[in-house]
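Peer 1: What follows is a single structure, and I will ask about it in a moment.
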């Protein structure tokens, strides 16, 4: 590890991407993630890379499609309304099996909504915001250090499986500064990109990148291939943090920023004799179902705390599968639950 | 015996799916001949659109990428920015380029992306069966302008070359037609020049090709060629709008 | 031990950079730190604030529901945030700009004419440093040495010549 630096989450994402060998960034400004673009605009020329401010989110994601087809490690970033615009392209990229990394620094919706932090794009990210049966890997960091590490991993995962990998943060993670330590060298896992459209050089048959299969038998086969890949990813790439879950009264589940607040709640509650565990999904898809199965009968109840109206709680319920009650507490519109609110909810459930 | 006519190498030996009398096949062949003549097949990447030519990636021997509707110039931008030594062309119809993809084409031209757009204008939507296009002529009957295109209801046709030639980044803009032999030869010259301009790194180039759609126009193939001559060319004048004298 | 500081005022007063310096100094002392700015339109509209946490433990939420100290450089911010300060905490105001005194009687209040003092020093941008001087002197949140080190890290090289004056401003604040 190198020197400890105090950096903004958004800048750390950009720096991590550069360290992971990403030399192509296409994006469109939107709060609260625009520092990623600022950083890239400044740094890309230093590494002989490319920064393009696209005319729209739609164009940006299609530039990503083109750059990924040409074999590059490529990044785009945006925030909720912009990610909605990108859905068409995300579906095409998924269909064409291209690797890329997309950052969503989530703000509160619906519509133009507000610019403050939220987790209301969980469904969009993990259930597929675009059309068709596709998945993308969704990683949810909860600290600036983790933003760095997961962004590097995201590029390796994307290349390995030829899949879209999303880093899903929120306005707080993007805007906050925290200490970060960069490794001296990143592990860039080499991937076969012989499928890329780089020109035949008259030495091979031509490569075609496409998501269209008009023949239904072929399209079903293509879908089956995608599903098999997703299954493999579920087996290999599920990430979760389990904290304080030995014999707890209740297990809270939360991701990203909310998990940080919950860790404080755990400390406070301990002083009052309440034992709270935390299961923090780091990969939102693939969802850490097995961890929930493992702990399903350990606490009296589960509580999902989210910055939305109750989205991940549905996956928690599916995983706990009726073995314990699963409760929900959420705030919306950019409001953040206080420790006290969460603790009060815990007490109400345990009463 | 000397071979005087053969399939260009850049075109695969497949029969195309286009309707009788459709001129897409001619345009494909012209592109392939130019690729052969410039010896650039090994470094050319084509971008297919959505429309009747959605699967023309199957017809060319160079690397091909299929794009979402209207997004070919953005996809082409991504490809070209990764490998600037590639020759990148987009193949787009009038709905793709001048309706749903207006932002992408205008801004690729604005940025002066070093790509070439082959824009096939037949004044109608072919694949979805004959709806009004942004380039549909006044009073032209289509399935979504059954009483003819009217200014109050539908506005006016888009003149893409005239529009794009106002942009500094677009260095070569030319409108051609493929309704007769002489014009087909001119079209090939324009495509060649547009590719050469890209190879010389000059900027964005577009060739608009007036083309036929006998099926959806409800005309016999020969009458369709005459319709291009009589109806389209008066409204969409042929010629070079920009970059005629550019050295390549 | 966890210190939670809110720094608030108008945009352009160095509110965010004051917080950043404090956090950086904390990090240099191997503490866990976080800095969270207000962001978006309100920044451009005038008011700015940031939440800084300096802690021996890993930082949980970077958002503060309450704070141990408040540094304010305008009246509206005092009104908005003084209720959030814990009993026994510290409120420091720039009395050149904040004409009202805090209503709280259960906290330590320091009213320092920082903008006036900075103006007398010939550089208005030192006002935030003067206020931080009082905060550091009063709470010992970070050492003077760490703060000097943080200045080196945060300021661009071409502004390093200002560091002696910045440190003088810090000491003036401490001693006020």
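Residue numbers (my numbering), protein chains in the order written: chain F, 6 to 356; chain L, 27 to 274; chain W, 1462 to 1637.
All C-beta atoms in this analysis are idealised placements derived from N, C-alpha and C, irrespective of residue type, glycine included.
Just the C-alpha distance for residue 218 of chain L and residue 311 of chain F, rounded to the nearest angstrom, thanks.
Peer 2: Here residue 218 of chain L refers to the residue found at position 192 when the second chain is read from its first residue. Here residue 311 of chain F refers to the residue found at position 306 when the first chain is read from its first residue. Going from the Cα of residue 218 of chain L to the Cα of residue 311 of chain F covers about 58 Å.
Peer 1: Going by the beta-carbon positions, is the gap between residue 66 of chain F and residue 156 of chain F smaller than 8 Å?
Peer 2: Taking the first chain and counting its residues from 1, one reaches residue 66 of chain F at position 61. Taking the first chain and counting its residues from 1, one reaches residue 156 of chain F at position 151. Against a cut-off of 8 Å, the Cβ pair of residue 156 of chain F and residue 66 of chain F comes out as no contact.
Peer 1: Any Cβ of chain L within less than 8 Å of the Cβ of residue 26 of chain F?
Peer 2: Position 21 of the first chain holds residue 26 of chain F. Not closer than 8 Å to any Cβ of chain L, the Cβ of residue 26 of chain F fails to qualify, so no.
Peer 1: What residue from W:1573, W:1601, W:1543 has the CA that sits closest to residue 1567 of chain W's CA?
Peer 2: As a working mapping, residue 1567 of chain W is identified with position 106 in the third chain. Checking every option, the nearest Cα to that of residue 1567 of chain W belongs to W:1543.
Peer 1: In its own chain, which residues sit with a C-beta less than 7 Å from the C-beta of residue 257 of chain L, not counting the 5 before and 5 after it?
Peer 2: As a position in the second chain, residue 257 of chain L is number 231, starting the count at 1. Excluding positions up to five away in sequence, the list reads 163.
Peer 1: Flag this pair as yes or no: are the beta carbons of residue 171 of chain F and residue 142 of chain F separated by less than 8 Å?
Peer 2: Within the first chain, numbered from 1, the residue matching residue 171 of chain F stands at position 166. Within the first chain, numbered from 1, the residue matching residue 142 of chain F stands at position 137. Taking 8 Å as the Cβ cut-off, residue 171 of chain F and residue 142 of chain F qualify as a contacting pair.
Peer 1: Determine, using beta carbons only, whether residue 318 of chain F and residue 331 of chain F come nearer to each other than 8 Å.
Peer 2: The residue labelled residue 318 of chain F in the question sits at position 313 within the first chain. The residue labelled residue 331 of chain F in the question sits at position 326 within the first chain. In this structure, residue 331 of chain F lies closer than 8 Å to residue 318 of chain F by Cβ.
Peer 1: So is residue 29 of chain L buried or exposed if we call it buried at 16+ other beta carbons inside 10 Å?
Peer 2: Position 3 of the second chain holds residue 29 of chain L. Looking at its Cβ environment, which holds fewer than 16 other Cβ atoms inside 10 Å, residue 29 of chain L is exposed.
Peer 1: Should residue 107 of chain L be flagged as near chain F, meaning a C-beta pair shorter than 8 Å?
Peer 2: Along the second chain, one-based indexing puts residue 107 of chain L at 81. At least one chain F Cβ lies under 8 Å of residue 107 of chain L.
Peer 1: Relative to the C-alpha of residue 23 of chain F, which candidate in F:249, F:92, F:324, F:54 has its C-alpha closest?
Peer 2: By 1-based counting over the first chain, the position of residue 23 of chain F is 18. Taking only the C-alpha atoms, the option nearest residue 23 of chain F is F:54.
Peer 1: Less than 8 Å between CB atoms is the rule here; does residue 124 of chain F satisfy it with respect to chain W?
Peer 2: Here residue 124 of chain F refers to the residue found at position 119 when the first chain is read from its first residue. Not an interface residue.
Peer 1: Going straight from the alpha carbon of residue 78 of chain L to that of residue 152 of chain L, what length do you get?
Peer 2: Counted from its first residue, the second chain places residue 78 of chain L at position 52. Counted from its first residue, the second chain places residue 152 of chain L at position 126. Near 6 Å, if we compare the C-alpha coordinates of residue 152 of chain L and residue 78 of chain L.
Peer 1: DSSP state of residue 238 of chain F, grouped into three classes?
Peer 2: Within the first chain, numbered from 1, the residue matching residue 238 of chain F stands at position 233. The answer is helix: DSSP assigns residue 238 of chain F an H, G or I state.
Peer 1: Could you check which residue in L:74, L:80, L:188 has the C-alpha nearest to that of residue 105 of chain L?
Peer 2: Position 79 of the second chain, counting from 1, holds the residue named residue 105 of chain L. Checking every option, the nearest Cα to that of residue 105 of chain L belongs to L:74.
Peer 1: Please state whether DSSP places residue 133 of chain L in a helix, a strand or coil.
Peer 2: Locating residue 133 of chain L in the second chain gives position 107, counting from the first residue. Reduced to three states, the DSSP call for residue 133 of chain L is helix.
Peer 1: Given a cut-off of 8 Å on the beta-carbon distance, is the pair residue 25 of chain F and residue 78 of chain F in contact?
Peer 2: Residue mapping note: residue 25 of chain F aligns to position 20 of the first chain, counting from 1. Residue mapping note: residue 78 of chain F aligns to position 73 of the first chain, counting from 1. For residue 25 of chain F and residue 78 of chain F, yes; Cβs fall inside 8 Å.
Peer 1: For residue 359 of chain F, does the count of other Cβ atoms within 10 angstroms reach 16, so buried, or fall short, so exposed?
Peer 2: For chain F, the structure presents residues 6 to 356; residue 359 of chain F sits outside this window and is missing.
Peer 1: Listing by chain order, which chain F residues have their CB less than 8 Å from the CB of residue 1484 of chain W?
Peer 2: Taking the first residue of the third chain as position 1, residue 1484 of chain W is located at position 23. Those are 11, 182, listed as they occur along chain F.
Peer 1: Could you pull out every residue in the same chain whose Cβ sits closer than 8 Å to the Cβ of residue 259 of chain F, ignoring the five residues on either side in sequence?
Peer 2: By one-based count along the first chain, residue 259 of chain F stands at place 254. If we look at residue 259 of chain F and ignore the five residues flanking it on each side, its Cβ neighbours are 266, 267, 283, 285, 309, 310, 311.
Peer 1: On a Cα-Cα basis, can you pick out the residue from F:117, F:297, F:191 that is closest to residue 243 of chain F?
Peer 2: Here residue 243 of chain F refers to the residue found at position 238 of the first chain. When only C-alpha atoms are compared, the closest one is F:297.
Peer 1: Which two residues bound the contiguous alpha helix (DSSP H) that contains residue 253 of chain L?
Peer 2: As a working mapping, residue 253 of chain L is identified with position 227 in the second chain. Note, residue 253 of chain L: alpha helix (DSSP H), 247-253.
Peer 1: Report buried or exposed for residue 151 of chain F, applying the criterion of at least 16 other Cβ atoms within 10 angstroms of its Cβ.
Peer 2: Locating residue 151 of chain F in the first chain gives position 146, counting from the first residue. Buried, by the Cβ-count rule.
Peer 1: Name the two residues that bound the continuous beta strand (DSSP E) containing residue 290 of chain F.
Peer 2: Here residue 290 of chain F corresponds to residue number 285 of the first chain, with the count starting at 1. Taken as a continuous stretch (DSSP letters only), the beta strand (DSSP E) holding residue 290 of chain F covers 288-290.
Peer 1: Can you tell me where the alpha helix (DSSP H) holding residue 161 of chain F begins and where it ends?
Peer 2: Residue numbering aside, residue 161 of chain F sits at position 156 when the first chain is read from its first letter. Looking at the DSSP string, the run of the alpha helix (DSSP H) that includes residue 161 of chain F is 149-166.
Peer 1: Classify residue 105 of chain F as helix, strand or coil using the three-state DSSP reduction.
Peer 2: By 1-based counting over the first chain, the position of residue 105 of chain F is 100. Residue state, collapsed to three classes: strand.
Peer 1: If I measure Cβ to Cβ from residue 248 of chain F and keep anything under 6 Å in the same chain, skipping five residues before and after, which residues do I get?
Peer 2: Here residue 248 of chain F refers to the residue found at position 243 when the first chain is read from its first residue. Cβ within range, chain order: 283.
Peer 1: Just the chain F side, please: which residues come within less than 9 Å of residue 81 of chain L by C-beta, in chain order?
Peer 2: Taking the second chain and counting its residues from 1, the one referred to as residue 81 of chain L is at position 55. The contacting residues are 215, 217, 219.
Peer 1: The beta strand (DSSP E) spanning residue 332 of chain F covers which residue range?
Peer 2: Start at 1 with the first residue of the first chain, and residue 332 of chain F comes out as number 327. Counting along the chain, the beta strand (DSSP E) containing residue 332 of chain F begins and ends at 331-335.
Peer 1: For residue 1582 of chain W, does the three-state DSSP call read helix, strand or coil?
Peer 2: What you label residue 1582 of chain W is simply residue 121 of the third chain in a count that begins at 1. Helix at residue 1582 of chain W.
Peer 1: In angstroms with no decimal places, state the Cα-to-Cα distance between residue 345 of chain F and residue 252 of chain F.
Peer 2: On the first chain, position 340 is the one that residue 345 of chain F refers to. On the first chain, position 247 is the one that residue 252 of chain F refers to. In a straight line, the C-alpha of residue 345 of chain F is about 23 Å away from that of residue 252 of chain F.
Peer 1: Count the CB pairs spanning the segment 58-66 of chain L and the segment 30-40 of chain L that are closer than 8 Å, and state whether there are at least three.
Peer 2: In short, these stretches touch, since the Cβ pair count reaches three.
Peer 1: Can you list, in chain order, the residues of its chain with a C-beta nearer than 7 Å to that of residue 62 of chain F? Leave out the 5 residues immediately preceding and following it.
Peer 2: What you label residue 62 of chain F is simply residue 57 of the first chain in a count that begins at 1. Hits under 7 Å: 33, 83, 87, 90, 91.
Peer 1: Consult DSSP for residue 243 of chain L and reduce its assignment to one of helix, strand or coil.
Peer 2: Reading the second chain from its first residue, position 217 is the one you call residue 243 of chain L. Correct three-state label for residue 243 of chain L: helix.
Peer 1: Would you give the residue range spanned by the beta strand (DSSP E) that residue 173 of chain F belongs to?
Peer 2: To locate residue 173 of chain F, count along the first chain from 1; it is residue 168. Here the beta strand (DSSP E) through residue 173 of chain F covers 169-175.
Peer 1: Where residue 80 of chain F and residue 105 of chain F are concerned, what is the direct C-alpha to C-alpha distance, given to the nearest angstrom?
Peer 2: Working through the first chain from its first residue, we reach residue 80 of chain F at position 75. Working through the first chain from its first residue, we reach residue 105 of chain F at position 100. If you take the alpha carbons of residue 80 of chain F and residue 105 of chain F, they lie about 6 Å apart.
Peer 1: Counting beta carbon pairs with one atom in the segment 250-266 of chain L and one in the segment 1566-1586 of chain W, are three or more of them shorter than 8 Å?
Peer 2: no
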